[in-house]
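Undergrad: Going left to right, the first sequence walks through residues 18 to 514 as my numbering numbers them.
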Amino acid sequence: MSDETGSRLDGLMAERRAKLDALRAQGSDPYPAGVTVDASLADVLERWRDEIDPGEGSGHRVAVAGRLIARRGHGKLVFLVLAEADDELQVMCQLAVLGDDGMDRVADLDLGDWVAVAGEVVRSRRGELSVMADEVRLIGKSLRPMPDKWHGLRDLETRYRQRYVDLAVNPDARRVFTIRSKAITALRAELLERGYVEVETPLLHAQPGGATAKPFVTHHNALDIDLYLRVAPELFLKRLVAGGLPRVFEIGRVFRNEGLSARHNPEFTMLESYEAYADYHAVMALTQALLQRAAREALGTTTVTYDGRKLDFAGDWSRRTVIDLVREATNRPDLDYDTPPATVADIAAASGVPVEDGWSTGRIVEELRDRLVEPTLWEPTFVIDYPVDVSPLARRHRDDPRVTERFELIIAGREAANAFTELTDPDDQRTRFEAQARARAAGDDEAMPVDVDYLRAMEFGMPPMGGLGIGVDRLIMLLADVQTIRDVILFPTLRPE
RNA sequence: GGGCCGUUAGCUCAACGGGUAGAGCUCCGGACUUUUAAUCCGGCGGAGCGGGUUCGAGUCCUGCACGGCCUACCA
Numbered sequence: 018m019s020d021e022t023g024s025r026l027d028g029l030m031a032e033r034r035a036k037l038d039a040l041r042a043q044g045s046d047p048y049p050a051g052v053t054v055d056a057s058l059a060d061v062l063e064r065w066r067d068e069i070d071p072g073e074g075s076g077h078r079v080a081v082a083g084r085l086i087a088r089r090g091h092g093k094l095v096f097l098v099l100a101e102a103d104d105e106l107q108v109m110c111q112l113a114v115l116g117d118d119g120m121d122r123v124a125d126l127d128l129g130d131w132v133a134v135a136g137e138v139v140r141s142r143r144g145e146l147s148v149m150a151d152e153v154r155l156i157g158k159s160l161r162p163m164p165d166k167w168h169g170l171r172d173l174e175t176r177y178r179q180r181y182v183d184l185a186v187n188p189d190a191r192r193v194f195t196i197r198s199k200a201i202t203a204l205r206a207e208l209l210e211r212g213y214v215e216v217e218t219p220l221l222h223a224q225p226g227g228a229t230a231k232p233f234v235t236h237h238n239a240l241d242i243d244l245y246l247r248v249a250p251e252l253f254l255k256r257l258v259a260g261g262l263p264r265v266f267e268i269g270r271v272f273r274n275e276g277l278s279a280r281h282n283p284e285f286t287m288l289e290s291y292e293a294y295a296d297y298h299a300v301m302a303l304t305q306a307l308l309q310r311a312a313r314e315a316l317g318t319t320t321v322t323y324d325g326r327k328l329d330f331a332g333d334w335s336r337r338t339v340i341d342l343v344r345e346a347t348n349r350p351d352l353d354y355d356t357p358p359a360t361v362a363d364i365a366a367a368s369g370v371p372v373e374d375g376w377s378t379g380r381i382v383e384e385l386r387d388r389l390v391e392p393t394l395w396e397p398t399f400v401i402d403y404p405v406d407v408s409p410l411a412r413r414h415r416d417d418p419r420v421t422e423r424f425e426l427i428i429a430g431r432e433a434a435n436a437f438t439e440l441t442d443p444d445d446q447r448t449r450f451e452a453q454a455r456a457r458a459a460g461d462d463e464a465m466p467v468d469v470d471y472l473r474a475m476e477f478g479m480p481p482m483g484g485l486g487i488g489v490d491r492l493i494m495l496l497a498d499v500q501t502i503r504d505v506i507l508f509p510t511l512r513p514e
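1. For Trp334, tell me which candidate among Val400, Ile364 and His281 has the shortest Cα-Cα distance.
2. For a test of the three-state rule: what should DSSP assign to Thr235, helix, strand or coil?
3. Who are the Cβ neighbours of Met163 in its own chain at under 8 Å, not counting the five residues just before and after it?
4. Could you name the residues of the same chain whose beta carbon sits closer than 6 Å to that of Lys36, not counting the 5 residues immediately before and after it, in chain order?
5. Among Tyr245, Lys255 and Arg171, whose alpha-carbon lies nearest the alpha-carbon of Phe477?
6. Using 8 Å as the Cβ pair cut-off and three pairs as the minimum, do the region 406-416 and the region 283-290 touch?
7. Enumerate in chain order the residues of its own chain whose CB-to-CB distance from Leu112 is below 6 Å, with the five nearest sequence positions on each side excluded.
8. Extract the residue ranges of the alpha helix (DSSP H) inside the region 266-321, only unbroken runs of 4 or more that lie entirely within it.
9. Can you list, in chain order, the residues of its chain with a C-beta nearer than 8 Å to that of Asp462? Leave out the 5 residues immediately preceding and following it.
10. Indicate the three-state DSSP secondary structure (helix, strand or coil) for Pro513 in the structure shown.
11. Are the region 317-324 and the region 373-381 touching, with three or more C-beta to C-beta distances below 8 Å?
12. Just how far apart, CA to CA, sit Asp402 and Ser368?
13. If we ignore side chains and look at the alpha-carbon of each, how far apart do Ala454 and Thr441 end up?
14. In whole angstroms, what is the alpha-carbon distance linking Asp374 and Asp353?
15. Among Leu511, Arg270 and Ile487, which residue has its Cα nearest to the Cα of Ser278?
16. I'd like to confirm the pairing. Which residues does DSSP put opposite Ile427 in its beta bridges?
17. Starting from the C-beta of Pro263, find all residues in its chain whose C-beta is less than 6 Å away, skip the five residues before and the five after it, and write them out in chain order.
18. Which residues does DSSP list as the beta-bridge partners of Gln111?
19. Would you decide whether Ala434 is buried or exposed? Buried here means 16 or more other CB atoms lie within 10 Å of its CB.
20. For Thr338, which residues from the same chain have a beta carbon less than 6 Å from its beta carbon, with the 5 sequence-adjacent residues on both sides left out?
21. Terminal residues of the continuous beta strand (DSSP E) containing Leu146?
22. Among Ala474, Arg336, Asp324 and Met479, which has the Cα closest to the Cα of Pro397?
23. What are the residues that DSSP puts in a beta bridge with Arg413?
24. What ranges does the alpha helix (DSSP H) occupy inside the region 348-399, keeping only unbroken runs of at least 4 residues that lie completely in it?
25. Assign Met479 to one of three DSSP states: helix, strand, or coil.
26. Look up Leu85 in the DSSP assignment and give the residues it is bridged to.
27. With contact counted as at least three CB pairs below 8 Å, one residue from each stretch, are the region 99-106 and the region 169-181 in contact?
28. Which residue's Cα is closest to the Cα of Leu244: Arg503, Ala135, Val258 and Leu221?
29. Applying the 10 Å Cβ sphere with the 16-neighbour rule, what's the burial state of Arg197?
30. Please classify Thr338: does DSSP put it in a helix, a strand, or coil?
31. Identify every residue that forms a DSSP beta bridge with Asp70.
32. With contact counted as at least three CB pairs below 8 Å, one residue from each stretch, are the region 465-485 and the region 494-503 in contact?
33. Count the other CB atoms, across all protein chains shown, that sit within 10 Å of the CB of Arg273; report buried if there are 16 or more and exposed otherwise.
34. Could you pull out every residue in the same chain whose Cβ sits closer than 8 Å to the Cβ of Val61, ignoring the five residues on either side in sequence?
35. What does DSSP give as the partner residue(s) for Pro162 in the beta ladder?
36. Alpha carbon to alpha carbon, how far is Asp329 from Arg88? Give it in angstroms, no decimals.
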């Protein structure tokens with residue numbers, strides 16, 4: 018990390034600052050309040066893409082602006098390149114047009130400066146669409162040297178800390194965040210078209226809930242109470258369904274006070290949706306439609322390459338029960354939820370999966386699923402019917418009380434969505450809350466406390482409903498083919514400099 | 001949290017068994033009216049921070065800071 022004391026940097030910045038001071042001394046404002054442009058660079062590139070012969074002019078004058086990213090001087094003719102996101106437009110500056118003063122001002126421009134240009138749209142002899150400038154104006158002086166355009170910026174720490182530089186010089190950074198924007202727009206559009214209402218529920222919770230995770234704690238001064246940054250919007254969204262909104266969703270930030278890694282950022286974006294009368298089969302159909310649309314609209318295809326391997330979102334995704342997958346992975350077709358925990362622990366040991374004393378059969382089966390099954394599933398797969406003991410908010414399966422009507426969508430060996438037929442029975446919910454509360458009292462700071470208001474909402478009556486949660490950042494990782502969550506979050510959490 | 005690795009010029013990267021640290025791009029000066037990584041000539045500039053060993057440390061030891069990877073918890 019540069020400590021910014023190098024004499025080279027000081028010198029480079031001093032040169033730029035001297036130009037800034039000289040401009041001010043001449044009464045010219047290097048940071049004007051606004052500038053009139055009549056076209057984006059993309060507009061010009063598109064409008065004249067197939068017109069104007071090399072060496073000819075269009076007769077049309079445009080006013081454009083952008084960041085100066087390249088300069089090629091030829092004495093009495095200087096080529097500039099302006100950039101605006103992914104669009105680049107060449108500007109030609111001729112002594113015969115701009116005069117000595119104008120050429121001097123062009124010479125004083127530095128790479129990174131924001132520049133407004135007006136002039137005729139022309140095509141150079143070599144065929145490059147250009148603006149033959151008759152007016153060049155500095156509209157935002159850059160005082161720091163940009164990384165050179167050819168090598169870009171690779172240092173990861175600088176890319177994350179100084180995302181403004183990363184975005185300015187690395188096309189791939191812009192690509193990822195464009196995909197992100199399009200994918201989220203697609204998810205939202207699909208839900209809205211299906212009649213879902215987008216809502217916003219509290220980020221500040223009086224008690225954590227909706228997921229088993231360690232929360233961030235903060236304090237409200239006027240109320241003099243601790244508040245928790247939400248670990249999930251789930252319980253509030255389900256209150257809304259209880260209140261009579263049949264289809265709701267929220268796309269928003271959640272916060273979990275846990276480790277950082279290539280797949281974990283303390284704040285991340287979650288999509289949650291709830292639909293009255295639906296069960297988890299309906300939610301599977303929704304999930305598939307959402308992801309297929311996100312891929313299509315963000316990438317233009319449902320076939321992507323992830324980590325060098327082909328991944329296809331198209332078609333209907335297979336559905337496999339947890340117990341079947343675990344039976345296959347352990348080669349123990351006799352395994353069932355009635356198998357004694359000690360026996361299941363032996364099976365786990367035989368597969369090299371460590372388990373802890375006191376774990377139930379369901380808990381061990383879940384561990385086996387996580388260790389043995391999940392990493393092997395590459396194409397999108399709905400893994401369904403999770404043990405009830407690892408699913409405190411999911412409804413029991415209508416045909417088997419030992420499991421829940423829950424699914425996780427696994428893609429590329431990782432969880433992409435988690436959903437279930439929601440638990441709507443207040444008595445069952447109270448029992449499960451109490452189990453969580455006991456775990457919490459026993460020292461499990463990820464377990465949820467009893468949420469009496471949520472229970473009250475349930476007691477007023479809830480329709481059957483299907484709920485869905487999608488980790489948006491991880492979805493974007495899949496679509497954009499990046500291996501770390503820091504690459505899909507503009508400003509990932511880092512230790513302060 | 002644990003283990004391993006990294007930090008050299010504005011950017012991207014080198015070199016060496018401990019002996020005056022190199023290159024490309026950027027930048028500065030000069031030439032050039034059709035370039036597009038323009039070209040040509042000349043030039044400036046550097047070891048994350050702090051200790052120690054040594055005649056001498058970017059190189060060895062050590063503390064700190066930040067980052068990366070693996071691992072643990074998790075989505």
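We put the beta carbon where it would ideally sit given N, CA and C, even for glycine.
TA: The relevant details are as follows:
1. Val400
2. strand
3. Counting only Cβ-Cβ distances below 8 Å, and skipping sequence neighbours, we find Ile86, Leu128, Gly129, Val182, Ala185 and Val186.
4. Asp125
5. Lys255
6. The region 406-416 is not in contact with the region 283-290.
7. Correct list, in chain order: Lys93 and Met120.
8. 297-316
9. So the qualifying residues of the chain are Lys231.
10. coil
11. no
12. 22 Å
13. 19 Å
14. 19 Å
15. Leu511
16. Thr398 and Glu432
17. Ala293
18. Leu94
19. buried
20. Cβ within range, chain order: Ile401 and Asp402.
21. Leu146 to Gly157
22. Arg336
23. Thr421
24. 358-367 and 378-385
25. Reduced to three states, the DSSP call for Met479 is coil.
26. Leu99
27. no
28. Answer by Cα proximity: Leu221.
29. buried
30. Note: Thr338 maps to strand in three-state DSSP.
31. Answer is none; Asp70 lacks a bridge partner.
32. no
33. buried
34. Val79, Val81, Leu106, Val138, Leu146 and Val148
35. According to DSSP, Pro162 bridges with nothing at all.
36. Straight-line spacing of the CA atoms in Arg88 and Asp329 works out to 43 Å.
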